[in-house]
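Step one of this worksheet: look at the structure below.
Numbering (UniProt numbering), first residue to last: 1 to 120.
Here it is as structure tokens:
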């Protein structure tokens with residue numbers, strides 16, 4: 001748990017925490033006001049794979065209680081953590097649906113091209 005990792009650093013600057021610890025602390029602060037919806041913009045950008053895994057595990061736990069909206073360019077992460085996916089391009093919604101369907105049988109060619117890496 002985050003507390004076990006940071007309890008001895010309470011008098012130090014938040015900058016002394018790792019990137020993953022800083023991100024989990026930001027999420028904890030957001031949860032303190034008990035929101036119905038939690039918005040996350042690239043929650044794992046610039047994090048190493050271990051810190052990313054911890055954030056993703058946290059997201060899986062939190063989505064039992066909260067609606068979570070994540071903006072990410074990481075297709076693998078979107079496939080791992082989301083139940084529903086919306087693909088936007090140039091400010092337009094191209095496709096919305098169940099994540100498994102979007103990633104395995106997209107209806108729109110533009111969606112397929114993006115998730116398979118043909119563009120983007």
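Quick reminder that beta carbons are idealized off the backbone N, C-alpha and C, glycines included.
CB contact flag (residue i, residue j, <7 Å)
{"i": "residue 112", "j": "residue 106", "result": "yes"}
{"i": "residue 78", "j": "residue 72", "result": "yes"}
{"i": "residue 68", "j": "residue 25", "result": "no"}
{"i": "residue 116", "j": "residue 102", "result": "no"}
N-terminal and C-terminal residue of the alpha helix (DSSP H) that residue i is part of
{"i": "residue 64", "result": "Neither: residue 64 is in no alpha helix (DSSP H) and is coded neither H nor E."}
{"i": "residue 75", "result": "75-81"}
{"i": "residue 99", "result": "99-104"}
{"i": "residue 48", "result": "Neither: residue 48 is in no alpha helix (DSSP H) and is coded neither H nor E."}
{"i": "residue 28", "result": "19-31"}
Limits of the beta strand (DSSP E) - the one that residue i falls within
{"i": "residue 118", "result": "From DSSP, residue 118 is part of no beta strand (DSSP E); its letter is neither H nor E."}
Buried versus exposed, by CB contacts within 10 Å (16 or more), residue i
{"i": "residue 43", "result": "buried"}
{"i": "residue 16", "result": "exposed"}
Cα-Cα separation, residue i to residue j
{"i": "residue 28", "j": "residue 91", "result": "30 Å"}
{"i": "residue 75", "j": "residue 65", "result": "24 Å"}
{"i": "residue 94", "j": "residue 36", "result": "26 Å"}
{"i": "residue 45", "j": "residue 33", "result": "24 Å"}
{"i": "residue 87", "j": "residue 118", "result": "15 Å"}
(message) Would you call the segment 6-25 in contact with the segment 50-69, where contact means no fewer than 3 C-beta pairs closer than 8 Å?
(response) By the Cβ criterion, the segment 6-25 is in contact with the segment 50-69, since at least three pairs of Cβ atoms, one from each stretch, lie closer than 8 Å.
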